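Enquirer: Before I ask anything, here is the structure I am working with.
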Amino acid sequence: MHKPVLLKEVVEYLDPKPGDQIIDATLDGGGHAMALVEKIAPDGRVLGIEWDLELLKEFESKVKSSKLKDNFILVNDSYTNIESIVREYNFRPNGILFDLGLSSWHYERSGRGFSFKRDEPLDMRYNTYREVKGKNEKVKTAAEIVNTYSKKELEKIIREYGEEQFAESIAKNVVRTRKVEPILKTSELVEVIGDSVPFWYKRRKIHFATKTFQALRIEVNAELKNIEKGVSSAINILEPACPEQGRRGGRVAVISFHGLEDKMVREIFKKKAKEGVVKFVIKRTIKPSWEEQKANPRSRSAKLKIAEKL
(Lines of atoms letter the chains of each structure in order from A and count residues from 1; the text may use other names and numbers.)
(Lines give C-alpha, C1' and ligand atoms only; values in the text may rest on other atoms or scores of the structure.)
Protein backbone atom coordinates (compact mmCIF):
# COMPACT_ATOMS: atom_id res chain seq x y z
CA MET A 1 0.00 0.00 0.00
CA HIS A 2 1.42 3.39 -1.01
CA LYS A 3 1.77 5.59 2.08
CA PRO A 4 1.59 9.32 1.33
CA VAL A 5 4.62 11.05 2.83
CA LEU A 6 4.28 14.12 5.09
CA LEU A 7 0.49 13.93 4.74
CA LYS A 8 -0.31 15.88 7.91
CA GLU A 9 2.18 18.61 7.00
CA VAL A 10 0.93 18.89 3.40
CA VAL A 11 -2.65 19.39 4.58
CA GLU A 12 -1.55 21.84 7.30
CA TYR A 13 0.55 24.07 5.05
CA LEU A 14 -1.55 23.96 1.89
CA ASP A 15 -4.41 24.83 4.26
CA PRO A 16 -7.27 23.88 1.89
CA LYS A 17 -10.69 25.38 2.56
CA PRO A 18 -14.17 24.26 1.41
CA GLY A 19 -14.69 25.30 -2.20
CA ASP A 20 -10.97 25.51 -3.05
CA GLN A 21 -9.49 24.16 -6.26
CA ILE A 22 -6.38 22.04 -5.66
CA ILE A 23 -4.00 20.35 -8.09
CA ASP A 24 -2.21 17.14 -7.19
CA ALA A 25 0.39 17.26 -9.96
CA THR A 26 1.77 13.81 -9.12
CA LEU A 27 -1.29 11.74 -8.23
CA ASP A 28 0.49 8.38 -7.68
CA GLY A 29 -1.67 6.26 -5.35
CA GLY A 30 -3.88 9.25 -4.50
CA GLY A 31 -3.23 9.34 -0.75
CA HIS A 32 -2.60 13.09 -0.66
CA ALA A 33 -5.47 13.78 -3.07
CA MET A 34 -8.01 11.88 -0.94
CA ALA A 35 -7.01 13.82 2.18
CA LEU A 36 -7.17 17.16 0.34
CA VAL A 37 -10.54 16.50 -1.32
CA GLU A 38 -12.13 15.88 2.09
CA LYS A 39 -11.08 19.39 3.17
CA ILE A 40 -12.51 21.16 0.11
CA ALA A 41 -15.80 19.25 -0.24
CA PRO A 42 -18.61 19.61 -1.09
CA ASP A 43 -17.96 22.27 -3.76
CA GLY A 44 -14.18 22.15 -4.17
CA ARG A 45 -12.35 20.07 -6.76
CA VAL A 46 -9.04 18.25 -7.00
CA LEU A 47 -7.38 18.08 -10.40
CA GLY A 48 -5.19 14.97 -10.33
CA ILE A 49 -2.42 14.69 -12.93
CA GLU A 50 -0.68 11.34 -13.46
CA TRP A 51 1.75 10.55 -16.29
CA ASP A 52 1.55 6.79 -15.76
CA LEU A 53 -1.72 5.53 -17.27
CA GLU A 54 -1.73 2.30 -15.24
CA LEU A 55 -1.48 4.23 -11.97
CA LEU A 56 -4.24 6.61 -13.07
CA LYS A 57 -6.56 3.71 -13.93
CA GLU A 58 -5.92 2.16 -10.51
CA PHE A 59 -6.90 5.38 -8.78
CA GLU A 60 -9.97 5.80 -11.02
CA SER A 61 -11.26 2.37 -10.00
CA LYS A 62 -10.49 3.11 -6.33
CA VAL A 63 -12.34 6.43 -6.32
CA LYS A 64 -15.33 5.15 -8.32
CA SER A 65 -17.13 3.99 -5.18
CA SER A 66 -16.30 7.13 -3.19
CA LYS A 67 -18.99 9.69 -2.42
CA LEU A 68 -16.42 12.32 -3.44
CA LYS A 69 -15.80 10.91 -6.94
CA ASP A 70 -17.45 13.93 -8.60
CA ASN A 71 -14.99 16.24 -6.85
CA PHE A 72 -12.13 14.81 -8.93
CA ILE A 73 -10.88 15.67 -12.40
CA LEU A 74 -8.32 13.06 -13.47
CA VAL A 75 -5.87 13.67 -16.30
CA ASN A 76 -3.30 11.36 -17.90
CA ASP A 77 -0.54 13.83 -18.75
CA SER A 78 2.80 15.19 -17.59
CA TYR A 79 2.82 17.98 -15.01
CA THR A 80 5.10 19.86 -17.40
CA ASN A 81 1.88 20.65 -19.31
CA ILE A 82 0.13 22.00 -16.19
CA GLU A 83 -0.56 25.42 -17.75
CA SER A 84 -2.39 24.00 -20.77
CA ILE A 85 -4.27 21.52 -18.52
CA VAL A 86 -5.69 24.28 -16.31
CA ARG A 87 -6.74 26.25 -19.40
CA GLU A 88 -8.55 23.21 -20.78
CA TYR A 89 -10.48 22.62 -17.55
CA ASN A 90 -10.90 26.31 -16.62
CA PHE A 91 -9.22 25.54 -13.30
CA ARG A 92 -8.02 28.28 -10.94
CA PRO A 93 -5.88 26.58 -8.29
CA ASN A 94 -5.58 27.77 -4.69
CA GLY A 95 -3.04 25.05 -3.98
CA ILE A 96 -0.69 22.76 -5.93
CA LEU A 97 1.20 19.72 -4.65
CA PHE A 98 4.19 17.96 -6.19
CA ASP A 99 5.35 14.70 -4.58
CA LEU A 100 8.50 13.94 -6.54
CA GLY A 101 9.05 10.54 -4.94
CA LEU A 102 8.69 7.30 -6.85
CA SER A 103 5.49 5.45 -5.98
CA SER A 104 5.85 2.13 -4.15
CA TRP A 105 3.73 0.75 -7.00
CA HIS A 106 6.59 1.44 -9.41
CA TYR A 107 9.07 -0.39 -7.22
CA GLU A 108 6.92 -3.34 -6.31
CA ARG A 109 4.37 -3.96 -9.06
CA SER A 110 5.21 -2.14 -12.29
CA GLY A 111 7.67 -4.75 -13.55
CA ARG A 112 9.72 -2.00 -15.22
CA GLY A 113 13.05 -2.39 -13.48
CA PHE A 114 12.89 0.53 -11.04
CA SER A 115 14.13 -1.68 -8.18
CA PHE A 116 17.50 -3.42 -8.07
CA LYS A 117 15.90 -5.95 -5.68
CA ARG A 118 13.82 -7.50 -8.48
CA ASP A 119 14.97 -9.25 -11.64
CA GLU A 120 13.09 -7.26 -14.29
CA PRO A 121 13.69 -5.73 -17.74
CA LEU A 122 15.63 -2.44 -17.60
CA ASP A 123 12.81 -0.10 -18.62
CA MET A 124 12.23 2.63 -15.96
CA ARG A 125 9.78 4.66 -18.08
CA TYR A 126 6.79 6.33 -16.42
CA ASN A 127 5.25 6.72 -19.85
CA THR A 128 6.29 5.47 -23.27
CA TYR A 129 6.19 8.96 -24.82
CA ARG A 130 7.13 12.47 -23.75
CA GLU A 131 6.04 15.70 -25.33
CA VAL A 132 8.92 17.62 -26.89
CA LYS A 133 8.14 20.94 -28.61
CA GLY A 134 4.56 19.90 -29.28
CA LYS A 135 5.47 16.46 -30.63
CA ASN A 136 5.42 13.07 -28.97
CA GLU A 137 8.90 11.61 -28.80
CA LYS A 138 9.45 7.99 -27.79
CA VAL A 139 11.28 7.73 -24.47
CA LYS A 140 14.43 5.62 -24.37
CA THR A 141 14.39 2.74 -21.90
CA ALA A 142 17.13 2.33 -19.30
CA ALA A 143 18.39 -0.65 -21.32
CA GLU A 144 18.78 1.51 -24.44
CA ILE A 145 20.75 4.09 -22.44
CA VAL A 146 22.97 1.47 -20.79
CA ASN A 147 23.71 -0.21 -24.13
CA THR A 148 24.07 2.80 -26.45
CA TYR A 149 25.46 5.76 -24.49
CA SER A 150 29.22 6.32 -24.70
CA LYS A 151 31.41 5.78 -21.64
CA LYS A 152 31.68 9.56 -21.26
CA GLU A 153 27.88 10.04 -21.41
CA LEU A 154 27.23 7.22 -18.93
CA GLU A 155 29.85 8.53 -16.52
CA LYS A 156 28.36 12.03 -16.71
CA ILE A 157 24.79 11.00 -15.84
CA ILE A 158 25.89 8.55 -13.12
CA ARG A 159 28.11 11.21 -11.54
CA GLU A 160 25.72 14.17 -11.91
CA TYR A 161 22.31 12.53 -11.41
CA GLY A 162 23.40 9.75 -9.06
CA GLU A 163 26.17 11.67 -7.27
CA GLU A 164 28.08 8.39 -7.50
CA GLN A 165 31.77 8.54 -6.58
CA PHE A 166 32.60 5.42 -8.64
CA ALA A 167 30.86 6.68 -11.80
CA GLU A 168 33.96 6.30 -13.96
CA SER A 169 34.63 2.66 -13.08
CA ILE A 170 30.92 1.75 -13.38
CA ALA A 171 30.65 3.38 -16.83
CA LYS A 172 33.86 1.70 -17.95
CA ASN A 173 32.66 -1.71 -16.79
CA VAL A 174 29.23 -1.25 -18.42
CA VAL A 175 30.85 -0.53 -21.79
CA ARG A 176 33.22 -3.50 -21.44
CA THR A 177 30.41 -5.89 -20.44
CA ARG A 178 27.95 -4.87 -23.17
CA LYS A 179 30.56 -5.61 -25.86
CA VAL A 180 30.22 -9.27 -24.93
CA GLU A 181 26.45 -9.28 -24.35
CA PRO A 182 23.78 -6.56 -23.97
CA ILE A 183 22.78 -5.60 -20.40
CA LEU A 184 19.00 -6.02 -20.47
CA LYS A 185 17.91 -6.91 -16.93
CA THR A 186 18.25 -5.31 -13.51
CA SER A 187 20.18 -8.29 -12.12
CA GLU A 188 22.75 -8.00 -14.92
CA LEU A 189 23.29 -4.30 -14.24
CA VAL A 190 23.57 -4.88 -10.48
CA GLU A 191 26.27 -7.48 -11.15
CA VAL A 192 28.22 -5.03 -13.33
CA ILE A 193 27.97 -2.30 -10.67
CA GLY A 194 29.05 -4.77 -7.98
CA ASP A 195 32.14 -5.63 -10.00
CA SER A 196 32.96 -1.91 -10.36
CA VAL A 197 33.02 -0.79 -6.72
CA PRO A 198 35.27 -1.75 -3.79
CA PHE A 199 34.28 -4.33 -1.19
CA TRP A 200 33.78 -1.78 1.62
CA TYR A 201 31.29 0.10 -0.58
CA LYS A 202 29.06 -2.97 -0.69
CA ARG A 203 28.93 -3.18 3.09
CA ARG A 204 27.35 0.24 3.60
CA LYS A 205 23.74 0.74 4.67
CA ILE A 206 22.81 2.17 1.25
CA HIS A 207 22.84 -0.48 -1.48
CA PHE A 208 25.76 -0.03 -3.89
CA ALA A 209 23.42 0.10 -6.94
CA THR A 210 21.10 2.80 -5.52
CA LYS A 211 22.79 5.83 -7.04
CA THR A 212 23.28 4.35 -10.51
CA PHE A 213 19.63 3.25 -10.67
CA GLN A 214 18.57 6.74 -9.54
CA ALA A 215 20.71 8.33 -12.25
CA LEU A 216 19.23 6.13 -14.99
CA ARG A 217 15.67 6.81 -13.84
CA ILE A 218 16.29 10.57 -13.89
CA GLU A 219 17.81 10.36 -17.38
CA VAL A 220 15.05 8.12 -18.78
CA ASN A 221 12.25 10.41 -17.57
CA ALA A 222 14.05 13.80 -17.89
CA GLU A 223 13.08 14.36 -14.27
CA LEU A 224 15.19 17.41 -13.42
CA LYS A 225 14.16 19.32 -16.57
CA ASN A 226 10.54 18.42 -15.81
CA ILE A 227 10.78 19.67 -12.22
CA GLU A 228 12.13 23.04 -13.33
CA LYS A 229 9.39 23.48 -15.93
CA GLY A 230 6.59 22.03 -13.81
CA VAL A 231 7.23 23.97 -10.59
CA SER A 232 7.84 27.26 -12.44
CA SER A 233 4.60 26.75 -14.41
CA ALA A 234 2.71 25.94 -11.21
CA ILE A 235 3.74 29.28 -9.71
CA ASN A 236 2.50 31.04 -12.86
CA ILE A 237 -1.00 29.56 -12.60
CA LEU A 238 -1.57 29.88 -8.85
CA GLU A 239 -4.27 32.31 -7.80
CA PRO A 240 -2.65 35.56 -6.56
CA ALA A 241 -3.51 37.19 -3.25
CA CYS A 242 -6.52 39.50 -3.11
CA PRO A 243 -6.21 41.66 0.04
CA GLU A 244 -9.50 43.49 -0.73
CA GLN A 245 -11.37 40.21 -0.32
CA GLY A 246 -9.11 39.05 2.54
CA ARG A 247 -7.80 36.19 0.42
CA ARG A 248 -4.22 35.01 0.59
CA GLY A 249 -2.42 33.80 -2.50
CA GLY A 250 -2.37 30.17 -3.61
CA ARG A 251 0.32 27.88 -2.25
CA VAL A 252 2.63 25.38 -3.91
CA ALA A 253 4.09 22.52 -1.86
CA VAL A 254 6.91 20.35 -3.19
CA ILE A 255 8.16 17.12 -1.61
CA SER A 256 11.60 16.10 -2.88
CA PHE A 257 13.66 13.02 -2.09
CA HIS A 258 17.22 13.71 -3.12
CA GLY A 259 19.64 16.62 -3.07
CA LEU A 260 19.40 17.54 -6.75
CA GLU A 261 15.60 17.88 -6.61
CA ASP A 262 15.68 19.78 -3.34
CA LYS A 263 18.31 22.21 -4.60
CA MET A 264 16.35 22.87 -7.79
CA VAL A 265 13.12 23.60 -5.90
CA ARG A 266 14.97 25.88 -3.45
CA GLU A 267 16.54 27.85 -6.32
CA ILE A 268 13.19 28.27 -8.12
CA PHE A 269 11.51 29.52 -4.93
CA LYS A 270 14.41 31.88 -4.14
CA LYS A 271 14.38 33.32 -7.65
CA LYS A 272 10.61 33.87 -7.61
CA ALA A 273 10.76 35.38 -4.12
CA LYS A 274 13.45 37.81 -5.29
CA GLU A 275 11.20 38.80 -8.20
CA GLY A 276 8.35 39.46 -5.73
CA VAL A 277 6.17 36.69 -7.17
CA VAL A 278 6.06 34.44 -4.08
CA LYS A 279 7.04 34.38 -0.44
CA PHE A 280 8.19 31.45 1.69
CA VAL A 281 5.40 30.18 3.94
CA ILE A 282 8.07 28.73 6.20
CA LYS A 283 11.77 29.20 5.50
CA ARG A 284 13.07 25.95 6.95
CA THR A 285 12.76 22.62 5.17
CA ILE A 286 10.08 20.39 6.70
CA LYS A 287 11.06 16.77 7.29
CA PRO A 288 9.08 13.73 8.45
CA SER A 289 8.73 13.17 12.18
CA TRP A 290 10.66 10.34 13.78
CA GLU A 291 7.36 8.46 14.19
CA GLU A 292 6.65 8.70 10.44
CA GLN A 293 10.17 7.61 9.55
CA LYS A 294 9.80 4.52 11.75
CA ALA A 295 6.38 3.67 10.28
CA ASN A 296 7.46 4.39 6.69
CA PRO A 297 11.25 4.09 6.17
CA ARG A 298 10.90 5.41 2.60
CA SER A 299 9.94 8.79 4.05
CA ARG A 300 13.38 9.29 5.65
CA SER A 301 14.86 11.43 2.85
CA ALA A 302 11.68 13.45 2.17
CA LYS A 303 11.89 17.26 2.31
CA LEU A 304 8.95 19.64 1.97
CA LYS A 305 9.11 23.26 0.84
CA ILE A 306 6.15 25.65 0.52
CA ALA A 307 5.76 29.02 -1.20
CA GLU A 308 2.78 31.36 -1.45
CA LYS A 309 1.81 33.53 -4.43
CA LEU A 310 1.78 37.26 -3.72
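Under full-length UniProt numbering, residue 310 is the last one in the sequence shown; the count climbs by one each step, no gaps. Glycine residues also receive a C-beta, built at the ideal position from the N, C-alpha and C atoms. Quick caveat, the model's predicted, so the values are computed rather than measured.
Can you say whether lysine 303 is buried or exposed, counting buried as having 16 or more other CB atoms within 10 angstroms of its CB?
Expert: Against the sequence shown, residue 303 aligns to sequence position 303. Per the 10 Å Cβ criterion, buried.
Enquirer: With three or more beta-carbon pairs closer than 8 Å as the criterion, would you say the region 67 to 78 touches the region 37 to 50?
Expert: Yes, they touch.
Enquirer: Would the beta-carbon of isoleucine 235 fall within 9 Å of that of valine 252?
Expert: The count along the sequence shown starts at 1 and reaches residue 235 at position 235. The count along the sequence shown starts at 1 and reaches residue 252 at position 252. Against a cut-off of 9 Å, the Cβ pair of valine 252 and isoleucine 235 comes out as a contact.
Enquirer: Going by other Cβ atoms of all chains shown within 10 Å of its Cβ, with 16 needed for buried, is valine 180 buried or exposed?
Expert: As a first step, residue 180 is located in the sequence shown; it is residue number 180 there, counting from the start. By the 10 Å Cβ count, valine 180 comes out exposed.
Enquirer: Measure the CB-CB distance between isoleucine 306 and valine 277 and report whether it falls below 9 Å.
Expert: Your numbering for residue 306 matches position 306 in the sequence shown. Your numbering for residue 277 matches position 277 in the sequence shown. For isoleucine 306 and valine 277, no; Cβs fall outside 9 Å.
Enquirer: So for valine 12, helix, strand or coil by DSSP?
Expert: For this step, residue 12 is matched to residue 12 along the sequence shown. Rather than valine, the amino acid found at residue 12 in this sequence is glutamate. Of the three classes helix, strand and coil, the one that applies to glutamate 12 here is helix, per DSSP.
Enquirer: Whole-angstrom Cβ separation of leucine 238 and glycine 249, contact assumed at under 8 Å?
Expert: On the sequence shown, residue 238 is found 238 positions in, with the first residue counted as 1. On the sequence shown, residue 249 is found 249 positions in, with the first residue counted as 1. The pair is a contact, with the Cβ atoms about 7 Å apart (cut-off 8 Å).
Enquirer: Run the CB neighbour count on asparagine 94, radius 10 Å, all protein chains shown included, and call it buried at 16 or more, exposed below.
Expert: Counting from one through the sequence shown, the residue named residue 94 turns up at place 94. When all chains shown are included, asparagine 94 counts as buried.
Enquirer: Could you tell me whether the region 254 to 269 touches the region 113 to 131, using the rule of 3 or more Cβ pairs below 8 Å?
Expert: Short answer: they don't touch.
Enquirer: Which residues in the same chain have their Cβ closer than 8 Å to the Cβ of alanine 295, if we skip the five residues on either side of it in sequence?
Expert: What you label residue 295 is simply residue 295 of the sequence shown in a count that begins at 1. Within the same chain, alanine 295 has close Cβ partners Lys3.
Enquirer: If you draw a straight line from the alpha carbon of lysine 205 to that of arginine 87, how long is it in whole angstroms?
Expert: Looking up residue 205 in the sequence shown gives position 205. Looking up residue 87 in the sequence shown gives position 87. One C-alpha to the other measures close to 46 Å.
Enquirer: So which of Thr148, Ile23, Glu155, Phe257 has the shortest CA-CA distance to arginine 298?
Expert: Numbered from its first residue, the sequence shown carries residue 298 at position 298. Ranking the options by Cα distance to arginine 298, first place goes to Phe257.
Enquirer: Span of the beta strand (DSSP E) holding isoleucine 49?
Expert: In the sequence shown, the residue the question calls residue 49 occupies position 49. 45 to 49 is the extent of the beta strand (DSSP E) around isoleucine 49.
Enquirer: Quick test of your reading: valine 5 and aspartate 70, contact by CB under 8 Å. State the CB separation rounded to the nearest angstrom.
Expert: Within the sequence shown, the letter at position 5 stands for residue 5. Within the sequence shown, the letter at position 70 stands for residue 70. Their Cβ separation, rounded to whole angstroms, is 27 Å, which puts valine 5 and aspartate 70 out of contact at 8 Å.
Enquirer: Is the separation between the beta-carbon of isoleucine 22 and that of leucine 7 shorter than 9 Å?
Expert: On the sequence shown, residue 22 is found 22 positions in, with the first residue counted as 1. On the sequence shown, residue 7 is found 7 positions in, with the first residue counted as 1. No, the pair does not count as a contact, with Cβ atoms beyond the cut-off.
Enquirer: Excluding the five sequence neighbours on either side, which residues of its own chain have a C-beta within less than 7 Å of the C-beta of leucine 224, listed in chain order?
Expert: Numbered from 1 along the sequence shown, position 224 holds the residue referred to as residue 224. So the list reads Ile218, Leu260, Met264, once near-sequence residues are dropped.
Enquirer: For asparagine 237, which of helix, strand or coil comes out of DSSP?
Expert: Within the sequence shown, residue 237 is the residue found at index 237, counting from 1. In the sequence under discussion, the amino acid at residue 237 is isoleucine, which differs from the asparagine named in the question. Three-state result, isoleucine 237: helix.
Enquirer: Quick one: give me the first and last residue of the alpha helix (DSSP H) that alanine 307 is part of.
Expert: Residue 307 sits at position 307 when you count from the first residue of the sequence shown. Unbroken run through alanine 307 is the beta strand (DSSP E), 303 to 309; no alpha helix (DSSP H).
Enquirer: Is it buried or exposed, phenylalanine 199, if we count other Cβ atoms within 10 angstroms and call 16 or more buried?
Expert: As a first step, residue 199 is located in the sequence shown; it is residue number 199 there, counting from the start. Exposed.
Enquirer: Taking the CB atoms as reference points, tell me whether isoleucine 193 and isoleucine 170 lie closer together than 9 Å.
Expert: Start at 1 with the first residue of the sequence shown, and residue 193 comes out as number 193. Start at 1 with the first residue of the sequence shown, and residue 170 comes out as number 170. Yes, they are a contact pair.
Enquirer: One question on the structure: do residue 313 and valine 175 come within less than 9 Å of each other, judged by their Cβ atoms?
Expert: Any property of residue 313 remains undetermined from this structure, which presents the chain solely from 1 to 310.
Enquirer: Does the Cβ-Cβ distance between valine 220 and alanine 142 come in under 9 Å?
Expert: Position 220 of the sequence shown, counted from the start, is the residue given in the question as residue 220. Position 142 of the sequence shown, counted from the start, is the residue given in the question as residue 142. For valine 220 and alanine 142, yes; Cβs fall inside 9 Å.
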